[in-house]
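Just so you know, we're using the numbering used here here: the sequence shown kicks off at 1 and counts up by one.
Glycine included, every Cβ here is placed at the ideal spot set by N, Cα and C.
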Amino acid sequence: MKREEHIMTGATAPAETARFSDDHDREYPMLIDGEWVGGSDGGTFRCVDPYDNTEWGIVPAATPEDVDRAVRAARRAFNAGWGTSSPFLRSALLRRLGDLL
1 MKREEHIMTG ATAPAETARF SDDHDREYPM LIDGEWVGGS DGGTFRCVDP YDNTEWGIVP
61 AATPEDVDRA VRAARRAFNA GWGTSSPFLR SALLRRLGDL L
């Protein structure tokens with residue numbers, strides 16, 4: 001029996017990535033402390049698919065202050081329950097999350 005080899009080429013890839021082409025100006029915010037926010041200084045940058053160099057969206061350019069705020073929020077969330085919960089509960093929650101995905 002002859003074995004056929006299928007190789008993805010640049011000619012076939014755009015069909016897979018075409019879903020991004022119409023939204024290349026879509027802005028995606030950051031999730032910090034339960035809120036969708038932009039960068040504190042308003043800076044953004046365009047995200048580019050390294051495969052074919054198509055732009056697929058715009059995201060905030062996080063400042064050091066944004067990072068500090070996100071880390072503080074993560075620490076509060078960890079201290080508020082996740083970090084003090086039992087390994088059994090954490091594993092059950094992670095399994096449930098996996099089922100939902």
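Report the CB separation of residue i from residue j in whole angstroms; it is logged as a contact under 8 Å.
i     : j     : result
Gly39 : Pro60 : 4 Å
Specify the secondary structure class of residue i as computed by DSSP and reduced to three states.
i      : result
Arg90  : helix
Pro60  : strand
Arg26  : coil
Glu101 : Looking at the sequence shown, residue 101 is not Glu but Leu. Coil, per DSSP.
Is it right to say residue i is buried, meaning 16 or more other beta carbons lie within 10 angstroms of its own, or is it exposed?
i     : result
Ala74 : exposed
Ala92 : exposed
Asp25 : exposed
Pro80 : Residue 80 is actually Ala in this sequence, not Pro. It is exposed - the Cβ of Ala80 has fewer than 16 other Cβ atoms within 10 Å.
Confirm, please, whether the CB-CB distance from residue j to residue i is below 8 Å.
i     : j     : result
Arg76 : Trp82 : no
Cys47 : Glu55 : yes
Ile32 : Asp68 : no
Please work out which residues of its chain come closer than 6 Å, Cβ to Cβ, to residue i, disregarding the five sequence neighbours upstream and downstream, and give them in chain order.
i     : result
Tyr28 : Gly57, Val59
Asp41 : Thr63
Met30 : Val37, Pro60
Phe88 : none
Using a Cβ-Cβ cutoff of less than 7 Å, which residues in the same chain neighbour residue i once the five nearest sequence positions on both sides are dropped?
i     : result
Ala70 : Ile32
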